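These protein sequence lines are chains Y and A, in that order. When we follow our numbering, the leftmost residue of the first sequence carries the number 190, and every step to the right adds one. When we follow our numbering, the leftmost residue of the second sequence carries the number 81, and every step to the right adds one. Below: the structure, in structure tokens.
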Amino acid sequence: MTPTAVGESIEQFRERFVRITQEVGRRIVGHEEVVNLTVTSLVAGGHVLLEGIPGVGKTSLVHTLADVLHLGFSRIQFTPDLMPADIVGTNIVQEGPQGGTFFEFQRGPIFANVVLADEINRATPKTQSALLEAMQDISVSVGRTTYRLDEPFLVLATQNPLEMEGTYPLPEAQLDRFFFKLKVLYPSEASMHDILERTTRDAATPVSRVADGPAILEMRHVARSVAIARPVQAYAIRLTLGSHPDSPYATALVKRYVRYGASPRAAQALVLAAKIQALNRGQAFVSIDDIRAVALPALRHRILLNFEGEADEVSTDTIVNELLAGVAP
Amino acid sequence: MARMYPAGHVVRAGVARADRLRRSRETARRLWRAAPIAAALSVAVAGTSRWAGWPVLVPLGAVALAGASLVGYVYSTRRDHAVSDVAAAEIDAEAGLGGELRSAHWFSEREGQNPWIDLHLGRAAERVQGIDWAQLYPAVRANRAKTASAVMALGALVLALSVPGRIGIQARTPATTTTAARTQRPSSVTSLPPDLQKELEALLKLAESGGTASGGKALTASELRDLLARIDKLRGMPGLKDGKLDPNTPGSKPGEMPGDLKALTERLKRASEMGSLSPELKDAFAEAAQKLADASKTQPTSPKDPQEALAAADAQKGPAGESKSPGSQEENSVKAVKDASAGGGAGVVMMSSQEASSGKDPGLGLGGGSAQNSGRGRMADLGAALRKETIEAKTDNPGENVETEMRRNTERGDATVAYTKVAPRAFERGRSSAPPAVPEGRRAAVHSYFTRKQ
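What follows is the structure, given as structure tokens:
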């Protein structure tokens, strides 16, 4: 591969990325950053936890993304009585053509490219954990058989931050497997106009399929080829280590309110997402600004507050922002 | 196969140039911020030096030190060295390159074959070449700082090299005077006056020839006395300091007589021991030898240094030194401080030495004027000792051996301790008055009384 071919790959990546986000943006209004980071997570091979109040377009975002990418889509509505088999699938008895019976694996909704786990915190931890293997290894095990999931595989989970009663907060191990945690904020007044105009008409806003699974995998390969200088990578490591209260890079808030800091997965997410951000800028290198741009969604759900932090209702966003301000680039 | 990236050289060169310009600019900014301060300090030092009369080397040294410090700082900061990642990041931020230069600088120092890095470095090299670093880091002008520094440095030099200060003149004058005075001293005598020496030689020849003159005539006692009287006159002769030979006599050491006088004295002593001579002649020779020895003794305690003299004068002005100068031997000598208690104990006695042969100053000091410590007794110690004595003397402590009231009264009486007119190093033997002369008519009797009859 020559530098010229690399330059062409970068341009192709950037073009695809922009087309995807623009196409999603035709239906999802006022959430450009969420769309950008969701696509980033898809390209990086990560999963996204979307947090927001009901009605801000979380489910619509996932639907639209699946439509734009021409990928298999499934939706799982998490409820307290949902069982793991309802997600993964189960063996059922089938009758053969010759009259015999046999077990046949009935695939669950997890077998899709884009899985919407709606209100994931309403299911029990047992059911939530059914997603662990799928999210980490892109495979599910049923009985003695392991089934490989199709790539690209993307879990988009949503949770409601207001209704905490009757919910099961996600365990740390589960949270750590999400590449990003994105907060879907309430749209602005101008965005509300667009939303109303697009959703109250007779005809729905059509979107076209601008990419497919192989294109996403190719983009993933290109993204991982981006070079990153050691000092920039060191900054991502310092940010990650700085989220630990006993680290020399820890800030005052971290020392006071944090019980456990981010795992190495956070550093992986920082670097990988920064590479995609660099490609979106059309560059072949990762800069400090790329790291900083993705630090908040990559770290906020990986920081576990202590009792004092919970009591003082400290936001992990505040802690991450202080880290960004305190850790030298 | 690993290799250095081709575009990396351009990136490194560009970053190095930018770093050099940046450091120069920063150095110049700091330099011209510090230079006026250093120059002002130099002016202050020069002014203070002029006012206080310090040597001219002090302000010159201050100016030189300030200049050397600034030059050293400039030299140390402008030396070429490897550009650090932090410096590259700062240059990158100042050039608005969005982290590309920093990343490229790091990759430019590595080897490898990665088309992505090739592309990265190639793009970075193009951007680096397109940047006018001299415009990004323009030279610091700082005209006002330069002018102020130059003016103040010049002022410091003018102050330092101009007319010395008032105190400087005053401080130098005594030393010059002293030096001149030393150089204007008359050359000291190295021997006796020629006529006296001739007579002594003749007298010695006479003694060595059997006590008769060259004409066969024996030397009379009156002639001998006349000779002795002439030797006595040596005390008043020029070249003799207070009756003694000048200690600055070339070739003589303090406390020693010149070689020719010493030989002459030895000859006189030998003559006084010759059995063929009459007792009068032997006495005359012995006396002549003694007088010559006395006259040739030097006085080492005379302060040579004006500062020592000043110190001695200050010591006289102390609380104990009420009198300005010793007026007589009695005033100078004995003022004893005795323990008022009957037992005596560790009495502290200060007295001047009366031994003529010691040749040392009585001085001041605990336990009297010892040879080494006299004159070096500290007034604070003396004052403490005197206060102690006064207190003890005032105390009505009869002691065990006091039996009578009269004794007690004596002991209790106001034993006011005082020592006056004791001047350290000021006792001069030449000021002592000689005992009254023996009348001419009784000299023979005195001689015969003190002379052993053979």
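All residues carry an ideal CB built from backbone N, CA and C; glycine is no exception. Please read all numbers here as calculations on a predicted model, not as lab measurements.
Whole angstroms are fine: how far does the CA of residue j sit from the CA of residue i?
| i | j | result |
| --- | --- | --- |
| alanine 309 of chain A | alanine 524 of chain A | 16 Å |
| valine 580 of chain Y | arginine 296 of chain Y | In the structure as shown, chain Y begins at 190 and stops at 518. Residue 580 of chain Y is therefore absent and cannot be evaluated. |
| leucine 121 of chain A | threonine 157 of chain A | 23 Å |
| alanine 306 of chain Y | leucine 271 of chain Y | 12 Å |
| histidine 259 of chain Y | proline 341 of chain Y | 11 Å |
| isoleucine 240 of chain Y | glutamine 287 of chain Y | Per the sequence shown, residue 240 of chain Y should be read as glutamate rather than isoleucine. Glutamate 240 of chain Y and glutamine 287 of chain Y: Cα-Cα distance of roughly 51 Å. |
| proline 376 of chain Y | glutamine 211 of chain Y | 18 Å |
| alanine 346 of chain Y | threonine 248 of chain Y | 9 Å |
| glutamate 346 of chain A | alanine 369 of chain A | 7 Å |
| proline 518 of chain Y | arginine 203 of chain A | 23 Å |
| arginine 130 of chain A | serine 242 of chain A | 9 Å |
| valine 518 of chain A | valine 526 of chain A | 8 Å |
| proline 453 of chain Y | isoleucine 242 of chain Y | 30 Å |
| methionine 459 of chain A | alanine 351 of chain A | 50 Å |
| leucine 111 of chain A | serine 436 of chain Y | 39 Å |
| glutamate 386 of chain Y | arginine 215 of chain Y | 12 Å |
| aspartate 391 of chain Y | leucine 250 of chain Y | 20 Å |
| tryptophan 134 of chain A | aspartate 461 of chain A | 35 Å |
| alanine 455 of chain Y | alanine 146 of chain A | 54 Å |
| valine 415 of chain Y | alanine 214 of chain A | 33 Å |
| valine 90 of chain A | alanine 205 of chain A | 6 Å |
| aspartate 419 of chain A | alanine 464 of chain A | Confidence in aspartate 419 of chain A is poor, its pLDDT being 39 and thus under 50, which makes the residue's placement too unreliable to answer from. |
| tyrosine 217 of chain A | glycine 176 of chain A | 13 Å |
| alanine 236 of chain A | alanine 132 of chain A | 15 Å |
| isoleucine 217 of chain Y | aspartate 165 of chain A | 42 Å |
| proline 515 of chain A | arginine 522 of chain A | 15 Å |
| threonine 440 of chain Y | threonine 507 of chain Y | 11 Å |
| aspartate 306 of chain A | alanine 373 of chain A | 18 Å |
If residue i and residue j are in contact, beta carbons under 8 Å, what's the gap, nearest whole angstrom?
| i | j | result |
| --- | --- | --- |
| valine 483 of chain Y | valine 421 of chain Y | Going by Cβ atoms, the distance from valine 483 of chain Y to valine 421 of chain Y rounds to 13 Å, so no, they are not a contact pair. |
| valine 232 of chain Y | isoleucine 405 of chain Y | 6 Å |
| valine 399 of chain Y | valine 257 of chain Y | 6 Å |
| phenylalanine 267 of chain Y | isoleucine 309 of chain Y | 5 Å |
| glycine 278 of chain Y | valine 344 of chain Y | Rounded, the Cβ-Cβ distance is 16 Å, inconsistent with contact. |
| valine 516 of chain Y | tyrosine 446 of chain Y | Going by Cβ atoms, the distance from valine 516 of chain Y to tyrosine 446 of chain Y rounds to 17 Å, so no, they are not a contact pair. |
| phenylalanine 369 of chain Y | proline 269 of chain Y | Phenylalanine 369 of chain Y to proline 269 of chain Y, Cβ: 26 Å. No contact. |
| valine 208 of chain A | leucine 181 of chain A | 7 Å |
| isoleucine 417 of chain Y | valine 460 of chain Y | 6 Å |
| alanine 458 of chain Y | glycine 234 of chain Y | At roughly 10 Å, the Cβ-Cβ gap does not stay under 8 Å, so alanine 458 of chain Y and glycine 234 of chain Y are not in contact. |
| alanine 119 of chain A | alanine 233 of chain A | 5 Å |
| aspartate 99 of chain A | alanine 167 of chain A | 5 Å |
Can you pull the DSSP bridge partners for residue i?
| i | result |
| --- | --- |
| glutamate 284 of chain Y | Y:Thr290 |
| serine 303 of chain Y | For the record, residue 303 of chain Y in the displayed sequence is valine; it is not serine. Paired residues: Y:Phe262, Y:Leu343. |
| tyrosine 529 of chain A | Answer by DSSP bridge pairing: none, since tyrosine 529 of chain A is not bridged. |
| methionine 84 of chain A | A:Glu191 |
| leucine 371 of chain Y | Y:Leu239 |
| serine 432 of chain Y | DSSP output for serine 432 of chain Y lists no bridge partner at all. |
| tyrosine 424 of chain Y | Note: tyrosine 424 of chain Y sits in no beta bridge, so no partner. |
| threonine 335 of chain Y | Y:Ser330 |
| glutamine 543 of chain Y | There is simply no residue 543 of chain Y to check, as chain Y begins at 190 and stops at 518 in what is shown. |
| alanine 416 of chain Y | Y:Phe474 |
| glutamine 348 of chain Y | Y:Glu240 |
| leucine 493 of chain Y | Y:Tyr449 |
| task | Give the residues from the segment 173-197 of chain A that approach chain Y closer than 8 Å (Cβ to any Cβ), ordered along the chain. | result | Taking 8 Å as the upper bound on Cβ-Cβ separation, chain Y lies near residues Gly178, Gly179, Glu180, Arg182, Ser183, Ala184, Trp186, Phe187, Asn194, Pro195, Trp196, Ile197 of the segment 173-197 of chain A.
| request: Would you check if the segment 112-121 of chain A and the segment 141-155 of chain A touch, i.e. whether three or more CB-CB distances between them fall below 8 Å? | output: Contact between the segment 141-155 of chain A and the segment 112-121 of chain A is present, because at least three Cβ pairs lie under 8 Å.
| message | Under 8 Å: do the segment 84-100 of chain A and the segment 168-182 of chain A share three or more Cβ pairs, one atom per stretch? | response | Short answer: they touch.
| message | At a CB distance below 9 Å, what residues from the segment 399-419 of chain Y approach chain A? Give them in sequence order. | response | Correct list: Ser414, Val415, Ala416, Ile417, Ala418, Arg419.
| message | By the 9 Å beta-carbon criterion, what residues does the segment 472-496 of chain Y contribute toward chain A? | response | Residues Gln472, Ala473, Phe474, Val475, Ser476, Ile477, Asp478, Asp479.
| Are the segment 211-229 of chain Y and the segment 346-360 of chain Y touching by the rule of at least three beta carbon pairs closer than 8 Å? | In short, these stretches do not touch, since the Cβ pair count stays below three.
| Can you find at least 3 beta carbon pairs, one from the segment 358-366 of chain Y and one from the segment 303-315 of chain Y, that sit closer than 8 Å? | With the rule of 3 Cβ pairs closer than 8 Å, the segment 358-366 of chain Y counts as touching the segment 303-315 of chain Y.
| For the segment 124-148 of chain A, which residues have a beta carbon sitting closer than 8 Å to at least one beta carbon of chain Y? | If the cut-off is 8 Å between Cβ atoms, the segment 124-148 of chain A has nothing near chain Y.
| task | Indicate whether the contact test is met: 3 or more Cβ pairs, each with one atom in the segment 81-90 of chain A and one in the segment 378-395 of chain Y, closer than 8 Å. | result | Output reads no: the segment 378-395 of chain Y does not touch the segment 81-90 of chain A.
| message | Measuring CB atoms only, is the segment 203-214 of chain Y touching the segment 456-476 of chain Y, in the sense that at least three cross pairs come out at less than 8 Å? | response | Judged by Cβ distances under 8 Å, the segment 203-214 of chain Y makes contact with the segment 456-476 of chain Y, as three or more pairs qualify.
| Are the segment 428-440 of chain Y and the segment 503-515 of chain Y touching by the rule of at least three beta carbon pairs closer than 8 Å? | As far as the Cβ criterion goes, the segment 428-440 of chain Y touches the segment 503-515 of chain Y, which means the pair count is three or higher.
| Residues of the segment 255-269 of chain Y whose Cβ lies closer than 8 Å to any Cβ of chain A, in chain order | Those residues of the segment 255-269 of chain Y that come within reach of chain A (Cβ to Cβ, closer than 8 Å) do not exist; the list is empty.
| query | If contact means a Cβ-Cβ distance below 8 Å, which residues of the segment 161-172 of chain A contact chain Y? | reply | Residues Asp165, Ala169.
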